[in-house]
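Report on one structure; see the data block that follows.
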Ligand SMILES: Nc1nc2c(ncn2[C@@H]2O[C@H](COP(=O)(O)OP(=O)(O)OP(=O)(O)O)[C@@H](O)[C@H]2O)c(=O)[nH]1
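Numbering (UniProt numbering), first residue to last: 1 to 549.
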């Protein structure tokens, strides 16, 4: 029996929806026009035609028609040639598995390597980080381990330090960054504690870049003026690197390692006095090694952050793992951090009423910062995210006390300690540190939050120890954003290649969130998080990108 044909779905819709579509289309066209204008494309002038009174009008029109035809043919021919060439290339590759003579093998290899890396980064990001970190350690003569002065011990990774010690003649230096976020006395105590084991430099990276727009191109980034006055400790670190260069008697490679957001890229930018590396409040911004020559003798290498082992405490995971906010969820991550902080000082700092539970605190914080949900209820999740981002970026000052008595780390011994300091002018280093501590505008002890450190953080150095989480189901919006970023990064690498200015390892960055007023950005991110969620909830059935081609 013949099945009756299904009736086609009607295309009728409400006027509201139709007008909405029309409005979106108009907006889209306006956007396209605006972008084209920005790129310098002008609207082609309309041909006024030949006036009737012109002599030989017929002949002129015929000539114009002929020219148009010729142009059309030429275009067609060019298109055919291109297609033929592509076909030839494809056939050649398919039959011999080798590059045809007109393909540059070096370029081909570079493209293949990039594609492989991009695939690995997508499927197993942590494995890629691990590989890159290993490469940095192998390539370096001196390694700078950047520590967040708010919890210096929590930023040391015994596994990575041990791996480094096995690498032979490598030197390790501790850089106490973000020293402007801790009280002066506390900073002095930490320097005295850490310097017993390893050479320690007090540092404060400049955080003065104020640019609200995302910058993905290295060239553009470099054009941002760099102010050096807020960077403290640079001279001391330079002197130390010069000492190392004299000790080695050759050009040296300096690797910069550390947990996410400790300020590795900021430190390199300060030394180079240029926005050469991506800096931002989001964790895990640096995804692959980036080689930056400082001068003829010293080359510095930025690395992706160290990977935190899941065996650490929830507070450590929340502070040091970029995935913590997704795995632990904002409220849990922020609660874990809050549980380690002094409640009284937290209340004073955020000027909120006393609280009995983290959720009570987040509710008060949301009220205070104007983070509200639909209907006016406080946005607890937004407030938790705000606290988390302030703790992980460089806007909230807190401090930890060093252990009461000094003990040598288990993975060190007296010989290693002596070797690490051999040939260095430690007196000068101490003088420079004292000078830096005086120059830094530290917050007063009374208004700082005391934090309970969980001690050294366990990291992962071997790929086999990494357990990758299954990738989450992505929304179409996310996929579109990723595609756009991929296109941008490709464009960036092409630009760099064309310039010849790119380093031998290209920086792969997810996004570039430029330095903004820290508290502002935190609030903005929390707000935008709320708005995102709201808009997702509100979104009705209509999706512009599906209907409009
Ligand atoms: N207050 C203050 N903030 C800093 C300092 N150094 C860096 N920051 C901030 O810390 C955040 C992270 O800095 P990055 O340089 O991107 O840190 P990173 O270690 O390279 O981060 P990843 O790329 O995630 O590994 C940024 O918001 C910086 O502005 C500092 O000395 N003081």
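Where a beta carbon is used, it is the ideal one built from N, C-alpha and C, also for glycine.
Secondary structure note for residue 255: its beta strand (DSSP E) is the uninterrupted segment 252-257. By the C-beta density criterion, residue 69 is exposed, having fewer than 16 other C-beta atoms within 10 angstroms.
Excluding its 5 nearest sequence neighbours in each direction, residue 338 has C-beta neighbours in its own chain below 6 Å: 358, listed in chain order. Here the C-alpha atom of residue 287 lies approximately 17 Å from the C-alpha atom of residue 393. Looking at the DSSP output, residue 451 bridges to 341. Taking residue 126 as reference, the option from 269, 425, 304 with the minimal CA-CA separation is 304.
A distance criterion of 8 Å places the beta-carbon of residue 262 in contact range of ligand 1, judged by its closest non-hydrogen atom. With a cutoff of 9 Å on beta-carbon distance, residue 181 and residue 258 are scored as not near each other. Taking C-beta separations shorter than 7 Å and ignoring five residues to either side along the sequence, the partners of residue 367 in its chain run 378, following chain order.
For ligand 1, a non-hydrogen atom lies closer than 8 Å to the CB of residue 286. Distance from the CA atom of residue 49 to the CA atom of residue 61, rounded to whole angstroms, is 9 Å. The three-state secondary structure of residue 74, taken from DSSP, is helix.
Bounds of the beta strand (DSSP E) holding residue 171 are 171-177.
Within a 10 Å sphere around the beta-carbon of residue 47 sit fewer than 16 other beta-carbons, which makes this residue exposed. Residue 372 carries a strand assignment under DSSP once its states are collapsed to helix, strand and coil. The residues 400, 453, in chain order, have a CB closer than 6 Å to that of residue 151 in the same chain once the five nearest residues on each side in sequence are set aside. In the displayed model, residue 290 falls within a strand according to three-state DSSP. The Cβ atoms of residue 308 and residue 460 lie closer than 9 Å to each other. Between residue 403 and the set 11, 456, 347, the nearest pair of CA atoms involves 456.
In the three-state DSSP reduction, residue 165 falls in the helix class (H, G or I). Residue 77 counts as exposed, since fewer than 16 other C-beta atoms from the protein chains shown sit within 10 angstroms of its C-beta.
Around the beta carbon of residue 84, a 10 Å sphere encloses fewer than 16 other beta carbons of the protein chains shown; the residue is thus reported as exposed. Between residue 376 and residue 448, the C-beta spacing is not below 9 Å. Taking C-beta separations shorter than 7 Å and ignoring five residues to either side along the sequence, the partners of residue 293 in its chain run 299, following chain order. Between residue 314 and residue 336, the alpha-carbon positions lie close to 6 Å from each other. Judged by DSSP secondary structure, residue 145 falls within the beta strand (DSSP E) whose first and last residues are 142-148.
Relative to the Cα of residue 176, the nearest Cα in the group 110, 73, 267, 290 belongs to 267. Looking at 363, 395, 374, 391, the one whose alpha-carbon comes closest to that of residue 383 is 363. Here the alpha carbon of residue 440 sits roughly 30 Å from the alpha carbon of residue 160. Cα atoms of residue 233 and residue 409: separation of roughly 26 Å, rounded to the nearest angstrom. Cβ contact annotation for residue 432 (same chain, cutoff 7 Å, sequence separation greater than five): 235, 236, 239, in chain order. Closest by C-alpha distance to residue 243, out of 44, 57, 426, 37, is 426. Of the candidates 274, 302, 355, 302 places its Cα closest to the Cα of residue 253. In this structure residue 142 is not in contact with residue 191, their Cβ atoms being roughly 19 Å apart against a cut-off of 8 Å.
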